Structure formats: structure tokens, C-alpha cells
Amino acid sequence: MPRPSPISPTVDFDRDGVQHGFLRLPYSRDDSAWGSVMIPICVIKNGKGQTALLTGANHGDEYEGPLALYELARTLEPKHVSGTVIIVPAMNYPAFRAGTRTSPIDKGNMNRAFPGRPDGTVTEKIADYFQRELLPRADIVFDFHSGGRTLDFVPFCAAHILPDKDQEAKAFAAVEAFSAPYSVRMLEIDAVGMYDTAAEEMGKVFVTTELGGGGTSRAETVRIARRGILNVLRHAGIVDGVDERTRTCWLDMPGGDCFSFAEEDGMIETMVDLGEPVKKGAVIARIHGTGRTGLAPQDIRSRMDGLLAARHFPGLVKAGDCVAVVAIEVG
Ligand SMILES: [Zn+2]
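The working numbering numbers the first residue of the sequence shown as 1 and each following residue consecutively.
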């Protein structure tokens, strides 16, 4: 038997009404001998029905999710709910407080920490609590992402291509309901340790986003997040009312050819902007060496026709950085 989680919730998941509380994780340290990490959680429940588990800041430097979810927790009234909405607006709370992708306590990347460990690091303990306590309660799992400080994306909602086609169809229907400007069918190349994989392996309907990036948010992408999550909850029948859909453009990211990586350090010059069409063989970015004058830039060429779905954000790149992602328009 695995040991119990050290995390104790201050909310009762079976109680009707609105509760604003914490997941309290004991964390003894220099400035707080018997201290805890207090991860905000909100439970909004009204009778029987499906349960939605909503998370933001799985990576601590992505803001559309937390902006949408703190507001949803403040404004969603139980009378509009049938079932349960569990909101954890800042899943990797230490990373969120530090404004960094990974946790400043243990360098843990939440989306590589699953299934976690009850006797592991702080990040692994949070992952373990989601794995064994929160995910089993959920029917639909929605995890917000954006590009963080080093990437910027066209705003899209996404789900994975899955072996279980019924589960996959439910996830794509929820993506369609979210109604972001773009919707993506994703094939994950490195799925081990991801929250996505943990949820999908339990048979849950799992939906995610990439909404902008650059370590901040924009008015447009926050609006997309707020409208989209209500649409998904309405589509699932958990919140009353009709979803307000707008047209979405479906994209495929079929595999490794979508991604381009820097092979040397330098200063990046993007040759196309997000959402613009690209042709196979076209130069989509150039990396300029800066150690001396007279150096020819390294050209990054697209290996397929499509549109630019993501780009490296900061002006400087290092060898190995993902510099561009091209996706194919499929309707
Ligand atoms: Zn992320």
C-alpha cells in the first residue's frame, strides 16, 4: 500500500455550496519550521452530476488559466451548477508565486512529475495528490497552458489523438465547444510524466490549451480563456445556459517535422509572424551569431506547408531551444 498523501484539503468535496480553501502541504524550511505550502482551491457543488476539475499554472509563468479560473471561482454561483466544479487556479503554486515554469523549491516541472510520490519532493507530492485524490473524482479535466516566458502561441485549445476513439471524440467535442480561434489534434511525442497522460489513462476527458505566452497575458487571450471555459462547462451540462461558439480553425501537429530547434546560440530574427502561412523549405527564422561581425546567419527552414503556430519568445536563443512550430490547417 502506498502511504497516504501528506496534503490535507480544507474543503469538503461532498458539500453543496461554494467553498474557498486550500490544499495544505507541510513544508518544513528555514523560515517556517512547521510551515506549509497553501495551494488555493475552490469547490462549487450543487447536487448530483458530473465533476469538472479545472487547473491553471501547471507551469508557473502562464497566466490566462489563473486569470480565468480565479475569476470563475469568484463569480460562479451554485444555482447555475449541476454537479461539481473543482478549481485549482495555480496548480504548481510555488512556481506560480515565483513567476517561473518550474518550482523554485525543487525545480520540479509539474507536467513531467506524474504520477508523483507521497514521499517525494514538493512538486511530486502535489502530483501524487492530483493522481490519487482529485483525478479520480473528475469526469472532465481541463488544464490551461500558455507559452510561458520562452514561447508564444497562436491561441488554441487542444486534445490528444487517443487509442480509445470514444474518449477521443468526447475530448474533441469539448475542444470544439471551447471555441478558441484555433483547435488542435495533438500527437504527444514525449507523454511520460504528463498530467494529460495521467488523466487520459484513467479514461477521463482531458482538454488543454496554449493561449499566447511570453510570460504575460493579452486582453484577447484572457477573453478567449474566460469565454471558453464557461462554454466547456455548459457543453458538459455542468453549468446552465447555452455556449457561445465562434468559428474555430482545426490544425494538425502530426509529428516531429512540426518542430524546429536552434543548433547554435545567437539572436533570433523571426521571418514570419504567428498565424501566417509558411511553405515547405521557406526560411521561418534566422539565428545570427553575435560573437563577431561577418558571420552568416543560420537559416531555420520549415519542413512542411502550414502556418506558424508557435515561436520562441525572447530575442536570444541557445542551441537546443525550440524556435518554431508549424501546424497544418485541416478545416
Ligand atoms: Zn505549460
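Cβ atoms here follow ideal geometry from the backbone N, Cα and C, with glycine treated the same way.
Nothing here was measured: the structure is a model prediction, and the numbers come from that model.
Over the uninterrupted beta strand (DSSP E) stretch that includes residue 306, give me the two end residues.
-> 306-312
Just the Cα atoms here: how many angstroms apart are residue 222 and residue 294?
-> 43 Å
Output the residue ranges of the beta strand (DSSP E) runs that lie fully inside the stretch 104-145 and measure 3 residues or longer, sorted by chain position.
-> 140-143
Can you say whether residue 213 is buried or exposed, counting buried as having 16 or more other CB atoms within 10 angstroms of its CB?
-> buried
Alpha carbon to alpha carbon, how far is residue 251 from residue 163?
-> 19 Å
Do you know offhand how far residue 49's Cα is from residue 99's?
-> 36 Å
Hey, residue 225 and residue 67 are a contact pair by Cβ (cut 8 Å); roughly how many whole angstroms apart?
-> 7 Å
Would you say the beta carbon of residue 148 comes nearer than 7 Å to a heavy atom of ligand 1?
-> yes
By how many angstroms is the C-alpha of residue 123 removed from the C-alpha of residue 238?
-> 30 Å
Residue 57 and residue 91: beta carbons closer than 8 Å?
-> yes
Backbone CA spacing between residue 195 and residue 272 [nearest angstrom] | 32 Å
Any idea which residues DSSP pairs residue 259 with across the strands?
-> 325
Take every Cβ of the stretch 167-180, pair it with every Cβ of the stretch 80-88, and state whether three or more of those distances are shorter than 8 Å.
-> no
When every heavy atom of ligand 1 is checked, does at least one fall within less than 7 Å of the C-beta of residue 160?
-> no
Looking only at C-alpha atoms, which of 228, 24, 141 sits nearest to residue 204?
-> 141
Roughly how many angstroms lie between the CA atoms of residue 242 and residue 233, to the nearest whole one?
-> 10 Å
C-beta contact flag for residue 147 and residue 210 at 8 Å = yes
Taking only the alpha-carbon atoms, compute the straight-line gap between residue 19 and residue 83 and give it to the nearest angstrom.
-> 14 Å
Whole-angstrom C-beta distance between residue 158 and residue 208, which should lie under 8 Å = 5 Å
Kindly indicate the opening and closing residues of the beta strand (DSSP E) around residue 92.
-> No beta strand (DSSP E) contains residue 92, which DSSP labels as neither H nor E.
Who are residue 23's beta bridge partners in DSSP?
-> 9, 39
Less than 7 Å between the CB of residue 235 and some heavy atom of ligand 1, yes or no?
-> no
Nearest neighbour of residue 125, chosen from 110, 30, 135 [CA to CA] = 110
Where residue 52 sits in the DSSP three-state scheme = strand
Among residues of its own chain, excluding the 5 on either side of residue 79, which ones have a beta-carbon nearer than 8 Å to its beta-carbon?
-> 46
Terminal residues of the continuous beta strand (DSSP E) containing residue 270?
-> 266-270
Contacting residues, own chain, Cβ-Cβ under 8 Å from residue 43 (five flanking each side not counted) | 11, 12, 13, 15, 18, 19, 21, 84, 85, 86, 87
Between residue 62 and ligand 1, is the CB less than 7 Å from at least one heavy atom?
-> yes
Could you round the C-beta distance between residue 323 and residue 301 to whole angstroms and report it? I think they count as a contact, below 8 Å.
-> About 11 Å separates the two Cβ atoms, so there is no contact after all.
Pull up the distance between the alpha-carbon of residue 289 and that of residue 151, whole angstroms please.
-> 21 Å
Please name the residue, chosen from 249, 200, 60, 134, that lies closest to residue 8 on a Cα-to-Cα basis.
-> 134
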